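These protein sequence lines are chains D and G, in that order. One point on numbering: in numbering that gives the first Met the number 0, the residue at position 105 of the first sequence is 104, and numbering is uninterrupted. One point on numbering: in numbering that gives the first Met the number 0, the residue at position 98 of the second sequence is 97, and numbering is uninterrupted. Using N, Cα and C, we set each Cβ at its ideal position, and we do this for glycine too. Model, not experiment: these values are computed from the prediction. See structure below.
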Amino acid sequence: MRILGIETSCDETAAAVVENGKRIISNVIASQIDIHARYGGIVPEVASRQHLLAIVPVVEKAMTEARVSWQDIDGIAVTFGPGLAGSLLVGVNAAKAIALANGLPLVGVNHLEAHICANWLEGEKPVEFPCLCLVVSGGHSDLILMKGQTQFEKLGQTRDDAAGEALDKAARILGLGYPGGPAIEQAAEKGTPCLNFPRAWLRGSYDFSFSGLKTSLWHLVQKEQVSVVDTAASFQWAIVDVLVSKTVEAARDMEVKAILLSGGVAANLRLREHFAERSPVPIFIPSPILCTDNAAMVAACGYYRFQAGESSGYDIDVVPGLSLG
Amino acid sequence: MDFPELNSHSPEQTQLLGKYLGKLAQRGDTFLLTGELGAGKTCLTQGIARGLEIKENILSPSFVIIREHHGRLPLYHIDFYRLDHIAEIADLGLEEYLHGSGVCVIEWAERGIPVMPQDNLLIALSYVSNSEMERVVRLTPRGQRYEELVKQLETSLRQEELWS
């Protein structure tokens, strides 16, 4: 079963063709194509207009690279939330048009569920249920119990800032530039985690909180001359420590058979290492390109939804505040 | 007017101020929040949400840009942190939120002033040197609606003896 996935929930316009939820035949992200050269002028990074300009070339490229025609596609999967209403609309409307024109079934996909499904792409080992999913990105830090391929229960989430956001803001405070997550990671490699930042453990809950950590960094930088690399290493360690400790604790409590990481922060090497060291169960992490926003994960997620007998009507609407579990 | 500057001694007090503001908020209100990283913009918004009788957690919208919540009125919690160009802000399609049926609270609003409604309540949060907890909150109302709102806020805070 070949699915065309479409993703426009926030920053990336993306389309991909995936076979049986597993084999990526094509995976196109707009930032890889020179839209500027195509249309000229300045294209805003985060805006529905950019998605509008990019959507047709991106879908065409995904189809061309996959060397398929519409007859070879069995269904369309599209992110319908959470995300920016205007951005989501571009993808959902494109998906509806394609599905209608070609008489294909359509399924709306939750962006967070799609991130989790990235773990099934290119995977060699089968994932056993129940498993615990940590979705960590700039916008999310969610701990989700997965009892089956389409059964989700949210155990915890951040109460203020997401982990990726905290890393990004720390990079800004330390003058490390953008994108902040990779900038902190690079700086941290040259330093040692010798500073002790406060951790919000929120005992008795699986929630996270990273806002106090950011404020304490701000005060430290105002008060004294700090080593940027040591501070970056210490800050990153504080975040990794909390994420790994709380996830491992939840994994033990819930007696899960595996831990699945996903989202942009799952590309962080220290996070990957510490999970590998401390997890009592097998760890699954997508390759870095599949951790950030992409449409292959949407196609994979759509495949499992179709397999479960689900589909959406052609009147499907966007749900900007959609949650999972 | 002398009232509009307040000293908050803790995140809880900042939230309490937000709660009273949220109780007084009306359909179509726009609150513009400014202040450094960690100054308490999201914290104040958490209070506003409570005043709007919103039950769910209020998270920072820095990466997702807009988070929508529903209570007594809808709360559109917007954040320009990641938007460096006015064109990006102008292109977000904020009109339906700004003149919509809810309350707009906008963090890092200084980046979008030219495309914001002329009538608004500007809330500037700043650090107090040498204090981790203390913040100064300065309210600048623009337009009749917001001047009245600030007066009402002053009255309710004095009644409750929350601020002397």
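Do residue i and residue j have their C-beta atoms closer together than 8 Å?
{"i": "Val127/G", "j": "Pro140/G", "result": "no"}
{"i": "Glu6/D", "j": "Ala294/D", "result": "yes"}
{"i": "Ala169/D", "j": "Lys213/D", "result": "yes"}
{"i": "Pro3/G", "j": "Cys42/G", "result": "no"}
{"i": "His50/D", "j": "Gly90/D", "result": "yes"}
{"i": "Phe196/D", "j": "Ser233/D", "result": "yes"}
{"i": "Val67/D", "j": "Val16/D", "result": "yes"}
{"i": "Phe79/D", "j": "Glu112/D", "result": "no"}
{"i": "Ala257/D", "j": "Cys116/D", "result": "no"}
{"i": "Gly20/D", "j": "Tyr205/D", "result": "no"}
{"i": "Ala94/D", "j": "Val317/D", "result": "no"}
{"i": "Ile282/D", "j": "Ala231/D", "result": "no"}
{"i": "Leu91/G", "j": "Arg71/G", "result": "no"}
{"i": "Glu67/G", "j": "Gly203/D", "result": "no"}
{"i": "Leu124/G", "j": "Lys54/G", "result": "no"}
{"i": "Leu242/D", "j": "Leu270/D", "result": "yes"}
{"i": "Val108/D", "j": "Ala76/D", "result": "yes"}
{"i": "Ala165/D", "j": "Val228/D", "result": "no"}
{"i": "Leu16/G", "j": "Gly46/G", "result": "yes"}
Residue i versus chain D: which residues are under 8 Å apart at the beta carbon?
{"i": "Leu58/G", "result": "Gln156, Thr157, Arg158, Asp159, Asp160, Ala161"}
{"i": "Arg66/G", "result": "Gly320"}
Can you tell me where the alpha helix (DSSP H) with residue i in it begins and where it stops?
{"i": "Thr214/D", "result": "210-222"}
{"i": "Ala113/D", "result": "110-116"}
{"i": "Val91/D", "result": "84-101"}
{"i": "Pro178/D", "result": "Run containing Pro178/D: none; DSSP gives neither H nor E here."}
{"i": "Thr44/G", "result": "40-50"}
{"i": "Gln65/D", "result": "At residue 65/D the sequence reads Ala, which differs from the Gln that was named. Segment 47-65, the alpha helix (DSSP H) holding Ala65/D."}
{"i": "Glu147/G", "result": "143-158"}
{"i": "Gly21/G", "result": "10-23"}
{"i": "Arg395/D", "result": "Absent from the model: residue 395/D. The displayed extent of chain D is 0 to 324, so no value can be given."}
{"i": "Leu289/D", "result": "287-290"}
{"i": "Leu97/G", "result": "94-97"}
Using the beta-carbon of each residue, which ones in chain G are nearer than 9 Å to residue i?
{"i": "Gly137/D", "result": "Ser61, Phe62, Val63, Arg81"}
{"i": "Cys290/D", "result": "Those do not exist, as Cys290/D stays about 15 Å from chain G at its closest Cβ, beyond 9 Å."}
{"i": "Glu152/D", "result": "In chain order: nothing, as chain G lies at least about 17 Å away."}
Let's see if you can read the secondary structure: which residues bound the beta strand (DSSP E) around residue i?
{"i": "Asp71/D", "result": "Looking at the DSSP string, Asp71/D is not in any beta strand (DSSP E), and its letter there is neither H nor E."}
{"i": "Ile112/G", "result": "Counting along the chain, Ile112/G falls outside any beta strand (DSSP E), and DSSP gives it neither H nor E."}
{"i": "Tyr126/G", "result": "119-126"}
{"i": "Ala161/D", "result": "Neither: Ala161/D is in no beta strand (DSSP E) and is coded neither H nor E."}
{"i": "Phe30/G", "result": "29-33"}
{"i": "Glu55/G", "result": "No beta strand (DSSP E) holds Glu55/G; DSSP gives it neither H nor E."}
{"i": "Ile258/D", "result": "257-261"}
{"i": "Ala298/D", "result": "It is not in any beta strand (DSSP E) - Ala298/D instead sits in the alpha helix (DSSP H) that spans 295-306."}
{"i": "Glu6/D", "result": "1-6"}
In the DSSP output, which residue or residues are listed as bridge partners for residue i?
{"i": "His76/G", "result": "Arg66/G, Val104/G"}
{"i": "Ala145/D", "result": "Looking at the sequence itself, residue 145/D is Met, so the reference to Ala does not match. Paired residue(s): Cys130/D, Phe151/D."}
{"i": "Arg251/D", "result": "Bridge partners of Arg251/D: none, in fact."}
{"i": "Arg134/G", "result": "Ser7/G, Tyr126/G"}
{"i": "Ala333/D", "result": "The structure shown does not extend to residue 333/D, since chain D spans only 0 to 324, so no value can be given for it."}
{"i": "Gln235/D", "result": "Paired residue(s): none; Gln235/D is not in a bridge."}
{"i": "Thr78/D", "result": "Val108/D"}
{"i": "Ser25/D", "result": "Val16/D"}
Who are the neighbours of residue i on chain G, taking C-beta pairs under 8 Å?
{"i": "Leu83/D", "result": "Val63, Ile64, Ile65, Leu91"}
Looking at C-alpha atoms only, which residue of the options is the closest neighbour of residue i?
{"i": "Leu82/G", "options": "Ser130/G, Gly39/G, Pro60/G, Ser100/G", "result": "Pro60/G"}
{"i": "Gln70/D", "options": "Leu103/D, Leu87/D, Pro81/D", "result": "Leu103/D"}
{"i": "His114/D", "options": "Gly155/D, Leu219/D, Leu142/D, Arg251/D", "result": "Leu142/D"}
{"i": "Ala61/D", "options": "Tyr313/D, Ala298/D, Asn267/D", "result": "Ala298/D"}
{"i": "Cys97/D", "options": "Glu121/D, Ala84/D, Val108/D, Glu59/D", "result": "The question names Cys, but residue 97/D in the sequence shown is Ile. The shortest Cα separation from Ile97/D among Glu121/D, Ala84/D, Val108/D, Glu59/D belongs to Glu59/D."}
{"i": "Asp73/D", "options": "Gln306/D, Val318/D, Ile315/D, Ser322/D", "result": "Gln306/D"}
{"i": "Pro285/D", "options": "Val135/D, Cys9/D, Gly122/D", "result": "Gly122/D"}
{"i": "Gly327/D", "options": "Ser204/D, Ile54/D, Val55/D, Val106/D", "result": "Outside the shown range of chain D (0 to 324) lies residue 327/D, about which nothing can therefore be said."}
{"i": "Val114/G", "options": "Ala86/G, Ile122/G, Ser130/G, Gly101/G", "result": "Ala86/G"}
{"i": "Ser86/D", "options": "Glu127/D, Arg277/D, Ser8/D, Ala186/D", "result": "Ser8/D"}
{"i": "Gly27/G", "options": "His69/G, Val63/G, Leu74/G, Gly39/G", "result": "Leu74/G"}
{"i": "Ile122/G", "options": "Gln158/G, Cys103/G, Gly99/G, Ile65/G", "result": "Cys103/G"}
{"i": "Gln148/D", "options": "Ala53/D, Glu127/D, Gln221/D", "result": "Glu127/D"}
{"i": "Leu88/D", "options": "Pro125/D, Ser47/D, Trp119/D", "result": "Ser47/D"}
{"i": "Arg251/D", "options": "Ser278/D, Glu272/D, Leu52/D", "result": "Ser278/D"}
{"i": "Ser208/D", "options": "Ile23/D, Glu223/D, Asp159/D, Met253/D", "result": "Asp159/D"}
{"i": "Glu35/G", "options": "Asp118/G, Tyr19/G, Glu146/G, Arg134/G", "result": "Arg134/G"}
Using a Cβ cut-off of 9 Å, pull out every chain D residue sitting near residue i, in sequence order please.
{"i": "Gly131/G", "result": "It is Glu, not Gly, that sits at residue 131/G in the sequence shown. Simply Thr214, Ser215, His218."}
{"i": "Thr41/G", "result": "Asp159, Asp160, Ser210"}
{"i": "Gly37/G", "result": "Lys168, Ile172, Ser210, Gly211, Lys213, Thr214, Ser215, Leu216, Trp217, His218"}
Mind pulling the chain G residues with CB within less than 7 Å of residue i?
{"i": "Glu48/D", "result": "According to the sequence as given, residue 48/D is Arg; it is not Glu. Here the neighbours are Asp90."}
{"i": "Glu11/D", "result": "By Cβ distance, chain G contributes nothing, its closest Cβ being about 13 Å from Glu11/D, past 7 Å."}
{"i": "Glu164/D", "result": "Ser59, Ser61, Phe62"}
Quiz item: Of the residues that make up the segment 111-136 of chain D, which ones have a beta carbon closer than 9 Å to any beta carbon in chain C?
Solution: Of the protein chains in the structure, D and G, none is chain C.
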